[in-house]
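Going by our numbering, the first residue of the sequence shown is number 997, and it counts up by one from there.
In this text, a Cβ means the ideal position worked out from N, Cα and C, and glycines have one as well.
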Amino acid sequence: MVVVWCMDRTVARTLVESDFFWHSRRVETTHAETMRILQLGDTHLGMALPTRGGPTDWCRSHDHQAALEEALQPALRQEVDLVIHTGDVFDRSRPPPEAVARAAALFSQVAQRVPLVMLAGNHDRWGLAPHFGGGSARWVLVDQPEQVRVAGLKVGLVPHCRTADQWGALVRPAVRGGVDLLVCHQGFVGARVPGFTFRVGAPRETVSEAQLPPDALGAVMSGHLHPSQTVRWGPHRVVYAGSTERTSVSETHQAKGSVMWTLESRWSWRFVAGRTRPWMPCADLTDLESVDPGDLVSVAPRLLDRLGSAVSERGGIVVLPRRSGRPSRRQMRLF
């Protein structure tokens, strides 16, 4: 089933809450008894990574684009009825123009086949509309909290918020009256990233049961964290698809991909692993035995002179240390 999506009637309700505007959009659509939804996020398009080696004219941003293209194949084949991107479309708020152009072309192809809803993440802090010209009736860009009705589903969407209290205030109008699906880009209590577990107040954005709205919620999708996982939030299960490609060596052992949802008598979902470029650390000569051609290899700066050439000889791509002696923002906050 292909959803027919139009914007012939829009009901807008706007109010100012914590520097956000909340909107409600009603989208008249056909409805199917069975819905298939593709969830993906944290694509971090345009990511820059200093490297040595690799194919001619290759750069890391090409891998992120390729991972996105693979994840979207079910939509391009019209095997799903709706695509939802849960945020961090780009790696930074000012992405390279070529990354924007490639993304726009791909998302346009998707929207010609199935409806596409995209939520802004913290890396998209200036919003998505400036990059994609405001979207279209079949390509909805969500830079502010709002509620959308699509294919018979009520969907509440809340972009990333800096504090849990702010998020709690904004989610209530977005899910007012109950929604079939809540989409956000936030950390929840119990969620994990390498070396850290989210808990109340750490960081301040962490959502807990204290922010549960009184309205009924169906499925809950979230972006923001790169390991795919599920987290209990009161009576609900928050599903993170994770990132589509690795953004750090700390993600070496994480599977990357998307989530396929099915709504029949109830919601069900499954993780779909994608093909990505391996990224591994190399601390000594023993680690070299695991390096295959095309692998990304992180070598400690003090070992670069000794191991860098050996990695290149095996066909690995050496990830160069950043010039600044201070930890990068990415090292301090990997989500």
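Query	Result
Please give me, in chain order, every unbroken run of the alpha helix (DSSP H) with length at least 4 that falls completely inside the segment 1084-1116.	1093-1109
Skipping 5 residues on each side, what residues in its chain have a beta carbon closer than 6 Å to that of Q1327?	Since pLDDT at Q1327 reaches only 41, below the 50 mark, its modelled position is unreliable, and the value read off the structure follows with that caveat. None.
State the DSSP-derived secondary structure class of D1161, mapped to helix, strand or coil.	helix
Where does H1127 sit, in a helix, a strand or coil, going by DSSP?	helix
Check D1301 in the structure and name its three-state DSSP category.	helix
S1305 to W1163, Cα distance in whole Å?	49 Å
Tell me the start and end of each unbroken beta strand (DSSP E) in the segment 1163-1243 that is at least 3 residues and wholly inside, in chain order.	1175-1181, 1213-1219, 1225-1229, 1232-1236
Check whether the Cβ atoms of F1267 and S1224 sit closer than 8 Å, and answer yes or no.	yes
Hey, how far is the Cα of G1148 from the Cα of R1090?	35 Å
Closest by CA to D1139, which one among V1151, G1129, A1133, W1122?	W1122
At what residues does the alpha helix (DSSP H) containing R1056 begin and finish?	1056-1067
Please state whether the Cβ-Cβ distance between G1253 and R1273 is less than 8 Å.	no
For the alpha helix (DSSP H) that contains Q1281, what are its first and last residues?	The question names Gln, yet the displayed sequence has Leu at residue 1281. Residues 1281-1284.
How many Å lie between Q1061 and G1042 at the Cα?	8 Å
The beta strand (DSSP E) with T1258 in it runs from where to where?	1253-1259
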